[in-house]
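**Q** Sharing a structure below in structure tokens format, with a few things to ask.
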Amino acid sequence: MDIKKYTNAIVIDHPLLKHKISMLRDETTKTNEFRQLVKEIAVLEGYEAFKTLPTQLVEIKTPIETTMQPMVSGNKVCFVPILRAGLGMTDGMLELIPNARVGHLGMYRNEETHQPVEYYCKLPKNIEEKHVFLLDPMLATGGSAIDAVENLKKHGVKKITFICIIAAPEGVAAFCEKCPDIPVYIGALDRQLNENAYICPGLGDCGDRIFGTMVD
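This is how it looks when you write it as structure tokens:
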């Protein structure tokens, strides 16, 4: 897929990010290490995605003098993980912006239709005034991310950025065509979806691997 035609899709090109995603893919990576890797990857992706955040000048007194210096206003930022796998990325984001607000969207995939089903939504007050960073490790069919964006817009959110770790071309195309105004930051663009709508080569079910709920 020629991702360049989707101007809102950004595949992050960084050797350390690639290294950590490769470790994430490995089926021998244990739950605790997997969880830590997701957090570290979120930090690396957040660093890139937050480049567009505005700053405001704040008065600071250094040991030498008083000066006006730029700072990010964290209370204007909100992280919204799509439950449950998106929770794994939240701590990494909060390491970068500790005073950001956090909302939650609960969605699961219907195993027959592969379509998302919403079951929970809890967002901070004044969500419409915040820059919302939507978090989900996997962008497969794109259904969950698209539905989440539509949900946020219904709540009045005007500025949204989506961050995922691994994406399938089919999901990128669906998301970018449906949400051309929403930037999507991608850690790795994979080959395709299989017949069960899993990303190939992917890493399996990210939620199961984060929370250790794999079926033996």
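Residue numbers for the sequence shown follow my numbering, beginning at -19 and rising by one. Using N, Cα and C, we set each Cβ at its ideal position, and we do this for glycine too.
#1: Mind checking residue 161: buried by the 16 CB within 10 Å criterion, or exposed?
#2: For residue 183 versus residue 74, is the C-beta spacing smaller than 8 Å?
#3: Going by DSSP, what residue range makes up the beta strand (DSSP E) through residue 51?
#4: What separation, rounded to the nearest whole angstrom, lies between the Cα atoms of residue 91 and residue 97?
#5: Could you tell me which whole alpha helix (DSSP H) segments of length 4 or greater appear in the segment 97 to 137?
#6: What does the Cβ neighbour count give for residue 198, buried or exposed, with the cut at 16 atoms within 10 Å?
#7: Spell out a yes or no on whether the segment 8 to 22 and the segment 62 to 69 are touching, meaning 3 or more CB-CB pairs, one atom from each, closer than 8 Å.
#8: According to DSSP, residue 40 sits in a beta bridge with which residue or residues?
#9: Measuring CB to CB, does residue 152 end up less than 8 Å from residue 119?
#10: Under 8 Å, Cβ to Cβ, is there at least one residue of chain D near residue 189?
#11: Quick one: measure Cβ to Cβ for residue 52 and residue 77, integer angstroms, because I've assumed they're closer than 8 Å.
#12: Would you report the Cα separation of residue 180 and residue 169, rounded to the nearest angstrom?
#13: Measuring alpha carbon to alpha carbon, tell me which residue in 60, 37 and 42 is nearest residue 49.
#14: Less than 8 Å separating the beta-carbons of residue 40 and residue 166?
#15: Check the C-beta distance from residue 84 over to residue 104 and give it rounded, since I have them as a contact under 8 Å.
#16: With DSSP run on the structure shown, which of helix, strand or coil describes residue 186?
#17: What separation, rounded to the nearest whole angstrom, lies between the Cα atoms of residue 196 and residue 7?
#18: Go ahead and label residue -18 buried or exposed: buried means 16 or more other beta carbons lie within 10 angstroms of its beta carbon, across all protein chains shown.
#19: Check whether the Cβ atoms of residue 108 and residue 129 sit closer than 8 Å, and answer yes or no.
#20: Taking all protein chains shown into account, decide if residue 44 is buried (16 or more other Cβ within 10 angstroms of its Cβ) or exposed.
#21: Taking the alpha-carbon positions, what's the residue 155 to residue 25 distance?
#22: Do you know how far the Cα of residue 35 is from the Cα of residue 88?
**A** By the coordinates alone:
#1: Counted from its first residue, the sequence shown places residue 161 at position 181. Answer is exposed; the Cβ neighbour count stays below 16.
#2: For this step, residue 183 is matched to residue 203 along the sequence shown. For this step, residue 74 is matched to residue 94 along the sequence shown. No, they are not a contact pair.
#3: Translated into positions along the sequence shown, residue 51 becomes position 71. DSSP places residue 51 inside the beta strand (DSSP E), whose first and last residues are 46 to 52.
#4: Here residue 91 corresponds to residue number 111 of the sequence shown, with the count starting at 1. Here residue 97 corresponds to residue number 117 of the sequence shown, with the count starting at 1. Going by C-alpha positions, residue 91 is about 10 Å away from residue 97.
#5: If we require 4 residues or more, the alpha helix (DSSP H) runs fully inside the segment 97 to 137 come out as 123 to 134.
#6: Because residue 198 is not part of the residues shown, which for the chain are -19 to 196, the question remains open.
#7: The count of Cβ pairs closer than 8 Å, one atom from the segment 8 to 22 and one from the segment 62 to 69, reaches three, so the stretches are in contact.
#8: Here residue 40 refers to the residue found at position 60 of the sequence shown. 47, per the DSSP bridge assignment.
#9: Position 172 of the sequence shown, counted from the first residue, corresponds to residue 152. Position 139 of the sequence shown, counted from the first residue, corresponds to residue 119. Yes; because the gap between Cβ atoms is below 8 Å, this pair is in contact.
#10: Annotation note: the requested chain D is absent from the structure, which comprises a single protein chain.
#11: Within the sequence shown, numbered from 1, the residue matching residue 52 stands at position 72. Within the sequence shown, numbered from 1, the residue matching residue 77 stands at position 97. Rounded, the Cβ-Cβ distance is 7 Å, consistent with contact.
#12: Sequence index remark: in the sequence shown, residue 180 carries index 200 (1-based). Sequence index remark: in the sequence shown, residue 169 carries index 189 (1-based). Their backbone Cα atoms lie some 10 Å apart in a straight line.
#13: The residue you call residue 49 lines up with position 69 of the sequence shown. Residue 37 is the option with its Cα nearest to residue 49.
#14: Locating residue 40 in the sequence shown gives position 60, counting from the first residue. Locating residue 166 in the sequence shown gives position 186, counting from the first residue. Taking 8 Å as the cut-off, the beta carbon of residue 40 is found no closer than this to the beta carbon of residue 166.
#15: To locate residue 84, count along the sequence shown from 1; it is residue 104. To locate residue 104, count along the sequence shown from 1; it is residue 124. About 10 Å; that fails the 8 Å criterion.
#16: Here residue 186 refers to the residue found at position 206 of the sequence shown. DSSP places residue 186 in helix when its eight states are reduced to three.
#17: In the sequence shown, the residue the question calls residue 196 occupies position 216. In the sequence shown, the residue the question calls residue 7 occupies position 27. Any reading at residue 196 is ruled out, since the residue's pLDDT is 48, under 50, leaving its predicted position unreliable.
#18: By 1-based counting over the sequence shown, the position of residue -18 is 2. Exposed, since its Cβ has fewer than 16 Cβ neighbours within 10 Å.
#19: One-based indexing of the sequence shown puts residue 108 at position 128. One-based indexing of the sequence shown puts residue 129 at position 149. Contact: no.
#20: Here residue 44 refers to the residue found at position 64 of the sequence shown. The residue is exposed, with fewer than 16 neighbouring Cβ atoms inside 10 Å.
#21: Locating residue 155 in the sequence shown gives position 175, counting from the first residue. Locating residue 25 in the sequence shown gives position 45, counting from the first residue. Approximately 19 Å between the Cα atoms of the pair.
#22: The count along the sequence shown starts at 1 and reaches residue 88 at position 108. The count along the sequence shown starts at 1 and reaches residue 35 at position 55. Cα-Cα distance, rounded: 36 Å.
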